[in-house]
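Chains as they are written, first to last, in our numbering: chain A, 1 to 113; chain B, 1 to 113.
Cβ atoms here follow ideal geometry from the backbone N, Cα and C, with glycine treated the same way.
Scroll down for the structure; my scribbles are underneath it.
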DNA sequence: TTAACGTATTGACGGCCGTCGATGTGTATC
DNA sequence: GATACACATCGACGGCCGTCAATACGTTAA
């Protein structure tokens, strides 16, 4: 439980703060969060979460009202972040959530909303 | 459980995707995540989480190796997002996590790390 | 082989954001 | 009052990122 008592301070004197997350870890976390901090990518993840089979990337431009290169760009970000996997068959690319990602994504959306 | 079976597709024919998060909700979520997607703000939240009493903002510039205006800027973002509260006493501004924020932040960091 | 389709990549543009110096405001000390 | 301190705001700069047109690559159909 947090106290409401305010510390007594002295002019011109600053205090040391307790050690926190390391700079490198903070940057890793921030990077992971930045991948999710985009409306299009959130919708992609939500759609993949609902889907019962891998989804063809060709269906997204219409759904998201974005160009094909832009959708491909977002998918690349999600793939680099290890959130989605891709299976190519013929001329099509089918994307799905990586195993274990679903729970993390769900927890994230719950934590924010 | 997700099937690995790939859908059968036809050239030149795209499929409709199931409805997902609305555009407005996706933007809200993305905005909330963007506030957290910064190393400095993550460290601020982590320090406030550990603190047993409200923390004077004057202690952060040294700790984060950032200028005073920059720290003030980050605190403003966190305050606007409803993540922290401020109490002014004399010339000092003391910040603390808003009640209920701690659990949400913790859940978020768990979901990402 | 040629043509059509799906996808990824490239290059360029515009906007957003983190950062800092300078400045303004308020408060306490002398 | 005058000075010093803490804080917020403003203006400007630089870099990152989402977006798209154009292009290149690979695959399938004709």
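Could you check the C-alpha separation between residue 29 (chain A) and residue 88 (chain B) for me, to the nearest Å?
Walking along the first chain from the start, residue 29 (chain A) turns up at place 29. Walking along the second chain from the start, residue 88 (chain B) turns up at place 88. Taking the straight line from one Cα to the other gives about 31 Å.
Relative to the C-alpha of residue 18 (chain B), which candidate in A:76, A:102, A:74 and A:60 has its C-alpha closest?
In the second chain, the residue the question calls residue 18 (chain B) occupies position 18. Nearest C-alpha to residue 18 (chain B): A:60.
Chain-ordered chain B contacts of residue 9 (chain A) [CB-CB under 7 Å]
Within the first chain, numbered from 1, the residue matching residue 9 (chain A) stands at position 9. Within 7 Å Cβ-Cβ: 56 and 92.
Using a Cβ-Cβ cutoff of 7 Å, what residues of the segment 34-53 of chain B are near chain A? List them in chain order.
34, 36, 37, 38, 39, 42, 43, 46, 47, 50, 52 and 53
Residue 15 (chain A) (DSSP reduced to helix, strand or coil)
Numbered from its first residue, the first chain carries residue 15 (chain A) at position 15. If DSSP states are grouped into helix, strand and coil, residue 15 (chain A) belongs with coil.
Does any C-beta atom of chain A lie closer than 7 Å to the C-beta of residue 59 (chain B)?
Here residue 59 (chain B) refers to the residue found at position 59 of the second chain. It does: the Cβ of residue 59 (chain B) has a partner Cβ on chain A nearer than 7 Å.
Residue-chain proximity (residue 20 (chain B), chain A), Cβ-Cβ < 7 Å:
For the purposes of this step, residue 20 (chain B) is taken as the residue at position 20 of the second chain. At least one chain A Cβ lies under 7 Å of residue 20 (chain B).
Determine, for residue 68 (chain A), whether the minimum Cβ-Cβ distance to residues of chain B falls below 7 Å.
Here residue 68 (chain A) refers to the residue found at position 68 when the first chain is read from its first residue. It does not; no Cβ of chain B falls within 7 Å.
How would you call residue 91 (chain B), buried or exposed, if buried means at least 16 neighbouring beta carbons within 10 angstroms?
Counted from its first residue, the second chain places residue 91 (chain B) at position 91. By the 10 Å Cβ count, residue 91 (chain B) comes out exposed.
Give the DSSP-derived three-state secondary structure of residue 96 (chain A) in the structure shown.
Position 96 of the first chain holds residue 96 (chain A). Here residue 96 (chain A) sits in strand by DSSP.
Nearest CA to the CA of residue 20 (chain A): which residue from B:107, B:43 and B:105?
Taking the first chain and counting its residues from 1, one reaches residue 20 (chain A) at position 20. Residue 20 (chain A) has its Cα closest to that of B:43, out of B:107, B:43 and B:105.
Roughly how many whole angstroms lie between the Cα atoms of residue 96 (chain A) and residue 53 (chain B)?
For the purposes of this step, residue 96 (chain A) is taken as residue 96 along the first chain, with counting starting at 1. For the purposes of this step, residue 53 (chain B) is taken as residue 53 along the second chain, with counting starting at 1. Going from the Cα of residue 96 (chain A) to the Cα of residue 53 (chain B) covers about 45 Å.
Ordered along the chain, which non-local residues of its own chain (more than five positions away) have a Cβ less than 7 Å from that of residue 67 (chain B)?
Translated into positions along the second chain, residue 67 (chain B) becomes position 67. 61.
According to DSSP, is residue 35 (chain A) helix, strand or coil?
Locating residue 35 (chain A) in the first chain gives position 35, counting from the first residue. Note: residue 35 (chain A) maps to helix in three-state DSSP.
Between the C-alpha atoms of residue 76 (chain B) and residue 94 (chain A), what's the straight-line distance to the nearest angstrom?
Position 76 of the second chain, counting from 1, holds the residue named residue 76 (chain B). Position 94 of the first chain, counting from 1, holds the residue named residue 94 (chain A). About 42 Å.
Can you find a CB in chain B that lies within less than 7 Å of the CB of residue 143 (chain A)?
Coverage of chain A is limited to positions 1 through 113, which leaves residue 143 (chain A) absent and any answer about it impossible.
With 7 Å as the threshold, decide whether the Cβ of residue 85 (chain B) is near any Cβ in chain A.
Working through the second chain from its first residue, we reach residue 85 (chain B) at position 85. No, its Cβ sits nowhere closer than 7 Å to a Cβ of chain A.
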